[in-house]
Amino acid sequence: MNNPQNITANEDSRVIPAWSIAAAGLAFLLVEYYFWFVLPEQKDHPPIGFRIYFSLSWGALAALYFLMVGYVSKDAPRRGMSWRFWTIICFVMPAGIGAVLYFLLRAPLISRCPACSAHVQSDFHFCPQCDYQLAASCGTCYSTVRSTDQFCTRCGHELATDHMPARLRVLGE
Ligand SMILES: [Zn+2]
Ligand SMILES: [Zn+2]
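Its first residue numbered -19, the sequence shown is counted upward by one per residue in this note's numbering.
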């Protein structure tokens, strides 16, 4: 059986593109280079403990910055957002504010309806184009339920009294 959670996990592992991993490694090496080759040349260079601490922490920060920009550039299109706009925002905003804004404002993931392949968001229960049931839901309050639940966790409705084919059309197949 095809487990939808496995598919999502596989997609997530590729969500950081190779160029941003390479840029992150390069940024880390540049910071190390500065602290171990450029800084010691100067007259009043700081003690070795200072250099170990700051070379590692600033190197990690610089690497993280490029990984984050890479992640945003891959993640935004999956949500129907402009990756150019958000990658630039992440680059321009200082101290990772752009990334924080992105995670606050990002739209839900977009996938396709299995029946008519219209674009649907991950929090939709029904396809807006063909009424295909995308997630199992309670027949009374329409909140999401698991196919193994007997009663709705939100309103206590007995799920067995719903039309079984409608409730389990997706998950039971
Ligand atoms: Zn549809
Ligand atoms: Zn309910």
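A virtual CB, placed ideally from N, CA and C, is assigned to each residue, including glycine.
Proximal residues to residue i (C-beta, below 6 Å), its chain only, five neighbours per side dropped
i: H99; result: I90
i: W63; result: S53, A56, P57
Per-residue DSSP class, three states only, for residue i
i: S37; result: helix
i: I90; result: strand
i: V18; result: helix
i: F106; result: strand
i: V100; result: strand
Exposure label - residue i; buried when at least 16 CB within 10 Å
i: W(-1); result: exposed
i: A56; result: buried
i: S127; result: exposed
i: L9; result: exposed
i: F30; result: exposed
i: Q(-15); result: For Q(-15), the predicted model reports a pLDDT of 44, less than 50, meaning its position is unreliable; a value from the coordinates is still stated below. Looking at its Cβ environment, which holds fewer than 16 other Cβ atoms inside 10 Å, Q(-15) is exposed.
Rounded separation between residue i and residue j - CA only
i: C121; j: R(-6); result: 37 Å
i: A59; j: Y112; result: Note that residue 59 corresponds to Arg in the displayed sequence, not to Ala. C-alpha separation (whole angstroms): 21 Å.
i: Y82; j: Y45; result: 14 Å
i: V18; j: W66; result: 34 Å
i: S123; j: A116; result: 9 Å
i: F34; j: G76; result: 19 Å
i: L84; j: M61; result: 13 Å
Residues near residue i by beta carbon distance below 8 Å, same chain, minus five either side
i: A140; result: Q130
i: P108; result: A98, V100
Counting pairs of beta carbons, one from the stretch 68 to 85 and one from the stretch 46 to 53, are three or more of them closer than 8 Å?
These segments touch.
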